[in-house]
Structures are given as C-alpha cells and as structure tokens.
Amino acid sequence: MQYELVKLTSKGQLTLPKEYRDKLCLEKGSHLAVAMKGDTLMLKKVYTVKPLSDSDPIWDMVGMFEDCSGAAGVAADHDACAVEGVTAGWKKY
Numbered sequence: 001m002q003y004e005l006v007k008l009t010s011k012g013q014l015t016l017p018k019e020y021r022d023k024l025c026l027e028k029g030s031h032l033a034v035a036m037k038g039d040t041l042m043l044k045k046v047y048t049v050k051p052l053s054d055s056d057p058i059w060d061m062v063g064m065f066e067d068c069s070g071a072a073g074v075a076a077d078h079d080a081c082a083v084e085g086v087t088a089g090w091k092k093y
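As numbered in UniProt numbering, residues 1 to 93 make up the sequence shown, in order.
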C-alpha cells in the first residue's frame, strides 16, 4: 500500500492529495465518513441519494402486491425452500 504524507493545519484540517480526490471524484462540498481502527484513520466517500420525485413511476406500484392471493405464503415458502433444498416446496402462483 502506498502512503502519502499530509500535514494538519492548526484547525485540524488536511488536504487530500489530488490523485485521491480525482479517483473518488471528490470536489468542494463532497462528504466523507470518518472512522478509526486502532491508530488508523479511515475515510470513505459518502454518496448523495437523490429522493424520488412525486411523479416517479415506482409510486404507481405501492400497494400493488399487498392483498394478492398467495402473497402471504411467499415468505413461508422461501423458508421451506431454504430448509428443504432449492426447489423442494416451491409453489407456482
């Protein structure tokens, strides 16, 4: 593993080397999660998730499967398949 030496400012700030910023597409305003493991400081890029708009087609599917016949048994069938084997216990809907 290659290490780069960085220096903290009096405010505890540091500059990430350009090579790393470029590889992770980090720019002004990007967020990083910080964690410690022993004496190692780890940084991880935080990806911004854009909320769905009210007109997104996925909203048309909300509630679509709630009262379908056979839907309640899907979880039980899955558990039975996991215990009995791949296809044992499968039902066709």
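We put the beta carbon where it would ideally sit given N, CA and C, even for glycine.
Inter-residue Cα distance where the pair is residue i and residue j
i           : j   : result
D22         : G38 : 28 Å
D56         : Y47 : 21 Å
L24         : M42 : 14 Å
G12         : D54 : 42 Å
residue 103 : M36 : Lying before the first or after the last residue shown, residue 103 is absent from the chain, which here runs from 1 to 93.
K7          : I58 : 48 Å
L32         : L52 : 23 Å
K45         : E27 : 11 Å
V49         : S30 : 13 Å
M1          : V34 : 19 Å
Where the alpha helix (DSSP H) through residue i begins and ends
i   : result
K37 : Element bounds for K37: not the alpha helix (DSSP H) but the beta strand (DSSP E), H31 to K37.
Collapsed DSSP secondary structure at residue i in the structure displayed
i   : result
K18 : helix
K23 : helix
P51 : coil
Same chain, Cβ closer than 6 Å to residue i, neighbours up to 5 away in sequence not counted
i   : result
P17 : E4
L14 : V6 and L8
Delimiting residues of the beta strand (DSSP E) encompassing residue i
i   : result
V62 : Element bounds for V62: n/a, residue is neither H nor E.
M42 : T40 to V46
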